[in-house]
Amino acid sequence: MKRKFKRIWLVLWLNLAAIIALYIALAFYYSEGFPCCCWINGVYCTGKSVETVNKELLAKHGYEGVNVIDAGGAELYISAESVDFNADYTESLDSFIELRNSFLWGYNLFQNLIVKVEPRVSLNEDKLLGFVNDWEIFSDIGSNDVYIEKGDNGYILINGITDVPNKEKIVNTVYHCMLHLEDTADLGATEGCYTEVEATEQQRATIDLFDKVKELQTCGITYDIGGELISFGPSVASDWFVTADEVDEYLNQETSSTDPASGLFIIDRAVRTFPSEEEMYTLNGFVCDVNGSPILSEKKIYDTLNNIARSHSTKSLIERYRQTHEGSILVKKGSKGDGSLYDVNGEFNYLIDKYVSGDISAEESRPLSYYDSVVSYDAASELGDTYIEVNMSEQLLSYYVNGELNMQMPVVTGNINRGRGTPAGLFNVYNKRYHTYLRGTDYVSYVNYWLGVNKGVGIHDATWRTQEEFGGDTFKRNGSHGCINCPLESVEQLWNVAEVGTPVILYY
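When we follow my numbering, the leftmost residue of the sequence shown carries the number 14, and every step to the right adds one.
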């Protein structure tokens, strides 16, 4: 019995000794590298070399540059590449390995070792100074003037007296931000970047006006149209102010039942008509009411929305898809003549409500509202790169193969003035017929080539038409019953190459 217990104790002691030996061996192993279960700046490091971890950290935490924001609203972007920026974690990683107690590796099995290290950063200070020297905020130092100027990102305040930029402090601030991989340097929030000088009454009035201008041009709405983001920030909203050279135009502008924006303005968070000459004045080129509130033109806001709607028609979205091979395409499905996609009036009212409520600066991403009948298609999956496109506003059929234009032909589509417009939408060729008759309630027509597209609507030759009838505005006065009429020789070529199942997009 005693022998049995001795053997058990011997086995236990031998196992314990083996475990201790293994633990010590692993401790010595980890003393030359990263310890067990070690995470550094979000990268798992155990078993990897310093060189490998350094590369992974640089890839994960890549630094692109810093956006420097002046107190007056001007911005300067300095890319990391432009100032020979270089970051390296090797020194910090080596130091971590040297100072770490490798015998604590067992503790990490139960609680991961999570560490944060800083890279060693270097950059070319002379190049950084050159970028700052050329910044527009330094161009008017010593001019002893304060005025508002329009730049690429809206209106900015050029303040030659009350906020004189301290170049040395600004360079040091930007340098410090880049050393610490910060992507924004807010000079207005950094002490010492500006020298305070007492302003005159006129200069103070300009500064107060800019505060109001800045608030009104800081529109936080970004529109997502088929995957393209369009910001209505200062670069856009700054165009909506009424300026001194427009006074005569707006004094004579009347409200209109057909134009929801004509003759109306946003003044001090209220929708009003244009003030009389006695109730307004100009300052720094801005038209203000008697209370000093700058005036926004609703007509300008409406026109901005309208222009975006026109530039993002079905045609333009298809053209963008051909260039980028991505994005969505909007089509007003079932439309028989009207290709408008967006509810411009509804979106206009939304923007005006945002201004009146004071919420215009709130960040928001939203689609440009479109009508209920508008359908969004994923172009890559539903249209592909081989398809038939019929632009019914231009009366033009195009056939694309592998993204390249293969053929084009003028066409005549459904007569929109008789309610027979060809329905818009994304369809597929569902059948092909050769030498067949088309029958309707009041007609029978023989055609040589037929490609069925949507129920009774198809693409076919129309030998009863002269060549001059194809294209132009024939469809408005002498269009088809709904089909796409084509010249015989052209549609014969299409019929021979287009297969059943080929996508067909029809739009106005």
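Beta carbons: idealized from backbone N, C-alpha and C, even for Gly.
Counting only runs of 4+ residues fully inside the region 205–257, write out the alpha helix (DSSP H) ranges in chain order.
214–230, 247–250
Where does Ala511 land, buried or exposed, given buried means 16+ other C-beta within 10 angstroms?
By the Cβ-count criterion, Ala511 is buried, with 16 or more other Cβ atoms from all chains shown falling within 10 Å of its own Cβ.
Give the range of the beta strand (DSSP E) segment to which Lys543 is assigned.
Outside the modelled stretch of the chain, which goes from 14 to 521, sits residue 543, for which no answer is possible.
What three-state label does DSSP hand Arg323 in the structure shown?
helix
Can you tell me where the alpha helix (DSSP H) with Arg490 in it begins and where it stops?
487–491
Nearest neighbour of Glu88, chosen from Glu111, Gly347, Val187 [CA to CA]
Val187
Rounded C-alpha distance that separates Glu209 from Val388:
57 Å
Pairs of beta-carbons, one from the region 50–70 and one from the region 188–200, closer than 8 Å: are there three or more?
no
Quick one: grab the DSSP three-state call for Lys313.
helix
Are the CB atoms of Glu402 and Ile243 within a distance shorter than 8 Å?
In this structure, Glu402 does not lie closer than 8 Å to Ile243 by Cβ.
Using the C-alpha atoms, what's the distance from Val96 back to Val66?
25 Å
May I ask you to verify whether the region 421–440 touches the region 488–496, counting CB pairs closer than 8 Å and requiring at least 3?
yes
Quick check: the Cα distance between Val145 and Phe254, rounded to an integer number of angstroms?
30 Å
Alpha carbon of Tyr456 to alpha carbon of Lys489, nearest angstrom:
19 Å
Cutoff 7 Å; reference Arg335; Cβ partners in own chain excluding five residues on either side
Gly416
Please report the residue range of the alpha helix (DSSP H) in which Val510 lies.
501–510
Specify the secondary structure class of Leu141 as computed by DSSP and reduced to three states.
helix
Helix, strand or coil: how does DSSP classify Gln62 here?
A small correction: the amino acid at residue 62 is Ser; Gln does not occupy that position in the sequence shown. Note: Ser62 maps to coil in three-state DSSP.
By DSSP, does His473 sit in helix, in strand, or in coil?
strand
Under the DSSP definition of a beta bridge, which residues are partnered with Phe361?
According to DSSP, which records beta bridges pairwise, Phe361 is partnered with nothing at all.
What does DSSP give as the partner residues of Asp391 in its beta bridges?
Ser341
Could you give the distance in angstroms between the alpha-carbon of Tyr525 and the alpha-carbon of Asp221?
Only positions 14 to 521 of the chain appear in the structure, and residue 525 is not among them; the question remains open.
Which residues mark the beginning and the end of the beta strand (DSSP E) in which Tyr263 is found?
Premise fails: Tyr263 lies in the alpha helix (DSSP H), 260–264, not in any beta strand (DSSP E).
Tell me where the beta strand (DSSP E) around Glu417 begins and ends.
Glu417 -> beta strand (DSSP E) spans 417–423.
Considering only their Cβ atoms, is the gap separating Asn404 from Pro436 smaller than 8 Å?
no
Tell me the rounded alpha-carbon separation between Glu311 and Ile365.
If I take the Cα positions, the gap works out to 8 Å.
What is the C-beta distance between Gly75 and Ile169, in whole angstroms, given that I count them as a contact (C-beta under 8 Å)?
Not quite, the Cβ-Cβ distance comes to about 30 Å (not below 8 Å), so this is no contact.
Going by DSSP in three states, Tyr521 sits in which element: helix, strand or coil?
coil
His189, enclosing beta strand (DSSP E) - first and last residue:
First-last for His189: 180–192, but that is the alpha helix (DSSP H), not the beta strand (DSSP E).
In this structure, how does DSSP classify Lys346 when only helix, strand and coil are distinguished?
Note: Lys346 maps to coil in three-state DSSP.
Would you kindly check if the distance between the Cβ of Leu277 and the Cβ of Trp286 is under 8 Å?
Contrary to the premise, residue 286 reads as Thr rather than Trp in this sequence. The answer is yes: Cβ separation under 8 Å.
C-alpha distance - Ser386 paired with Gly239, whole-angstrom precision
16 Å
What's the gap between the Cα of Asn166 and the Cα of His338?
So the alpha carbons of these two residues sit roughly 30 Å apart.
How many Å lie between Leu229 and Glu481 at the Cα?
54 Å
Could you tell me the boundaries of the beta strand (DSSP E) in which Leu439 lies?
438–441
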